[in-house]
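Data block below; observations after.
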Amino acid sequence: MASAGGSVGPLRPSSRVSAGGSEGPLRPSSRVSAGGSEESVQPSSAVIAGGSEGSVQPAAPSSPASTPPPAAASPSTPAAASPSTPPPAAPPSPASTPPPAAPPSPASTPSPAASSSTPPAAPPSPASTSFLFVPTGQEIKKQTALKENWIPSIVCSITKDIYHYVGEDIVIYESIDSFGAMMWPAALALCSFLENNRHMVNLKGKVELGAGTGLVTIVASLLGASVTATDLPEMLGNLRANVMRNTRNRCRHTPQVVALPWSYDLERTHPSSVYHYDYILAADVVYHHNYLGELLVTMKHFCKPGTTLIWANKVRFESDLTFTENFKKAFNTSLLAEDGEMKIFMATSRD
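Numbering follows this note's numbering, with no gaps: position 126 of the sequence shown is 176.
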């Protein structure tokens, strides 16, 4: 500020000196001449009473990059920021932080509408995707191997039982997951009948229909008969294993195991002039299934004059009684044994 004698004291950049020596507000961009007029001046200069200009340092200077100098502004319109100094409210650098108002990139993030309607699908894992290829290597189909569609081709629970017939221990493996591979009471009844009436079956050729586990075939083979065990193709694995295990080196005749689905057209596949047997054995082949008609036709096909059919069965359903009536009409029948609902019939051809 200016003293009465005209000497110069410290002057703040925000003050000015009038012609009369009084102090008033001074903008950093103006100065006062000796005549009292105001003209432009740099912020780093001050005015002496004699009109000369001298350099003066601000009391507490601030870095232009951190604090911009104050600027006069209209009460209604804010002053524009200096082009060389960023305003205090400048947003962060776009390279480090995206602008708050900028929308997300369509290539990286779906719009809210798209996310709500169609969520992005997760890529399939390598274990759940399989490919089918043509011989040239060109991909022709891509499919997802769903876990519920993966089912083992064979599911079974095996049990082992030991039976004693003809002085031999007979080890039978059966599957509880298939009717045809289980032991049924009529098979035990027929084995006991054969053992007690061995004079009827010794050294005779026999065929067993629906052999199942093969116990009847094994007992008949141990009694000296030449036996062919038959069943559906899918049953032959366990049937053959049981028969071979229990008859190897024990029987005069090695039993045969072959596939024989019951059918109306057996004369074409199994002509009766070639396939002739002394006895036909069947145990528990009548139950609740849809092939009772084919079974009766198969019995008639093999039971020609000179052949004896021995059928053991337990009555369980109304359809069993119906089949029994049709059986009696198709053959000359007699009841060999009966134990409650268990019956053993003998039948011969009506021709």
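Quick reminder that beta carbons are idealized off the backbone N, C-alpha and C, glycines included.
>> Could you compute how far the alpha carbon of TRP312 sits from the alpha carbon of SER276?
In response: Within the model, the alpha-carbon separation for TRP312 versus SER276 is close to 21 Å.
>> Restricting to Cα atoms, I'd like to know which of PHE367, LEU342 and LEU331 is closest to ALA237.
In response: It is LEU331 whose Cα lies nearest to the Cα of ALA237.
> Taking the alpha-carbon positions, what's the ILE12 to LEU385 distance?
Replying inline: Since the first residue of the chain shown is 51 and the last is 401, residue 12 is not available in this structure.
>> Considering just the uninterrupted stretch of the beta strand (DSSP E) at LEU406, what are its terminal residues?
In response: In this structure the chain extends from 51 to 401, so residue 406 is not present and cannot be described.
> Leaving out five residues before and five after GLY264 in sequence, what residues of the same chain have Cβ atoms less than 6 Å from its Cβ?
Replying inline: Once the five neighbours on either side are set aside, the close Cβ partners of GLY264 are ALA279, LEU289, ASN292 and VAL293.
> Starting from ASP370 and walking both ways along the alpha helix (DSSP H), at which residues does that stretch end?
Replying inline: For ASP370, the uninterrupted alpha helix (DSSP H) run begins and ends at 368 to 380, by DSSP.
>> I need the boundaries of the alpha helix (DSSP H) containing VAL277, first residue and last residue.
In response: Element bounds for VAL277: not the alpha helix (DSSP H) but the beta strand (DSSP E), 276 to 281.
> CYS301 and VAL266 look like a contact to me (Cβ under 8 Å); what is the Cβ gap, rounded to whole Å?
Replying inline: The pair is not a contact, with the Cβ atoms about 14 Å apart (cut-off 8 Å).
> Can you give the Cα-Cα distance for GLY274 and HIS303, rounded to whole angstroms?
Replying inline: Whole-angstrom Cα-Cα distance: 7 Å.
> Apart from the five residues just before and just after LYS254, which ones in its own chain have a Cβ nearer than 8 Å to its Cβ?
Replying inline: Cβ neighbours of LYS254 beyond the five flanking positions: ALA275, SER276, ASP328 and TYR329.
> So, helix, strand or coil for GLU258, using DSSP?
Replying inline: Looking at GLU258 - three-state DSSP - the assignment turns out to be strand.
>> By alpha-carbon positions, which one of ASP219, VAL336, ASP334 and SER399 ends up nearest to ALA380?
In response: Among ASP219, VAL336, ASP334 and SER399, the Cα nearest to that of ALA380 belongs to SER399.
>> Under 7 Å: does the beta carbon of LYS354 sit that close to some heavy atom of the ligand NAP?
In response: Of ligands this structure carries none, so the ligand NAP is not represented either.
> Rounded to whole angstroms, how far is the Cβ of LEU342 from the Cβ of SER369, which I believe are closer than 8 Å?
Replying inline: Under the criterion of beta carbons closer than 8 Å, LEU342 and SER369 qualify as touching, at roughly 7 Å.
>> One question on the structure: do TRP361 and ALA397 come within less than 8 Å of each other, judged by their Cβ atoms?
In response: Going by C-beta atoms, TRP361 is nearer than 8 Å to ALA397.
> For GLY262, is the classification buried or exposed, using 16 other Cβ atoms within 10 angstroms of its Cβ as the cut-off for buried?
Replying inline: It is buried - the Cβ of GLY262 has at least 16 other Cβ atoms within 10 Å.
> If you drop the 5 nearest sequence neighbours on each side, which residues of the same chain put their C-beta closer than 6 Å to that of ASP401?
Replying inline: Shown here for ASP401: same chain residues with a beta carbon closer than 6 Å to its own, the five before and five after excluded, namely PRO355 in chain order.
> For ASN299, does the three-state DSSP call read helix, strand or coil?
Replying inline: Under the three-state reduction of DSSP output, ASN299 falls in the coil class, being neither helix nor strand.
> Of the residues ASP334, PRO305, TRP234 and VAL221, which one's Cα is nearest the Cα of LYS256?
Replying inline: Ranking ASP334, PRO305, TRP234 and VAL221 by Cα distance to LYS256 puts PRO305 first.
>> Let's test the definition: count the other Cβ atoms within 10 Å of the Cβ of THR428 and tell me whether it reaches 16, buried, or not, exposed.
In response: A question about residue 428 goes unanswered here, because the residues of the chain that appear run from 51 up to 401.
> Taking Cβ positions, are TYR325 and VAL347 nearer each other than 8 Å?
Replying inline: In this structure, TYR325 sits away from VAL347, with a CB-CB distance that is not shorter than 8 Å.
> Taking Cβ positions, are HIS351 and GLU317 nearer each other than 8 Å?
Replying inline: In this structure, the beta-carbon distance from HIS351 to GLU317 falls below 8 Å.
> What residue from ASN296, GLY287, THR383 and ARG295 has the CA that sits closest to ALA309's CA?
Replying inline: Closest in C-alpha terms to ALA309, from the list ASN296, GLY287, THR383 and ARG295, comes GLY287.
>> Just verifying my parser: in three-state terms, what is the DSSP assignment at ASN363?
In response: Assigned with DSSP and collapsed to three states, ASN363 falls in strand.
> Which partner residues of ALA291 appear in the DSSP bridge assignment?
Replying inline: Note: ALA291 sits in no beta bridge, so no partner.
>> My parser needs the alpha helix (DSSP H) runs of 4 or more residues fully inside the stretch 302 to 359; what are they?
In response: Counting whole runs of 4 or more residues, the stretch 302 to 359 contains the alpha helix (DSSP H) stretches 316 to 319 and 342 to 352.
> Would you report the Cα separation of TYR213 and THR297, rounded to the nearest angstrom?
Replying inline: Cα-Cα distance, rounded: 14 Å.
>> Starting from VAL266, trace the alpha helix (DSSP H) in both directions and tell me its first and last residue.
In response: Unbroken alpha helix (DSSP H) run through VAL266: 265 to 272.
> What are the boundary residues of the beta strand (DSSP E) that VAL216 is part of?
Replying inline: VAL216: not part of any beta strand (DSSP E); DSSP gives it neither H nor E.
> Which one of THR383, THR358 and HIS339 has the shortest CA to CA distance from PHE367?
Replying inline: Nearest option by C-alpha distance: HIS339.
> According to the Cβ coordinates, are ALA239 and MET392 closer than 8 Å?
Replying inline: Yes. Within cutoff.
> Contact check, PHE234 vs ASP389 under 8 Å by CB: the rounded distance?
Replying inline: Looking at the sequence provided, one finds Trp at residue 234 rather than Phe. In fact, because the Cβ distance is near 14 Å, the residues do not count as touching under 8 Å.
> According to DSSP, what are the bridge partners of GLU224?
Replying inline: The bridge partners DSSP lists for GLU224 are THR209.
> By how many angstroms is the C-alpha of GLU344 removed from the C-alpha of CYS353?
Replying inline: Per the coordinates, the alpha-carbon of CYS353 lies some 14 Å from the alpha-carbon of GLU344.
>> Within the continuous beta strand (DSSP E) that includes SER232, where are the two ends?
In response: Note that residue 232 is Met in the sequence shown here, rather than Ser. For MET232, no beta strand (DSSP E) run applies, since DSSP gives it neither H nor E.
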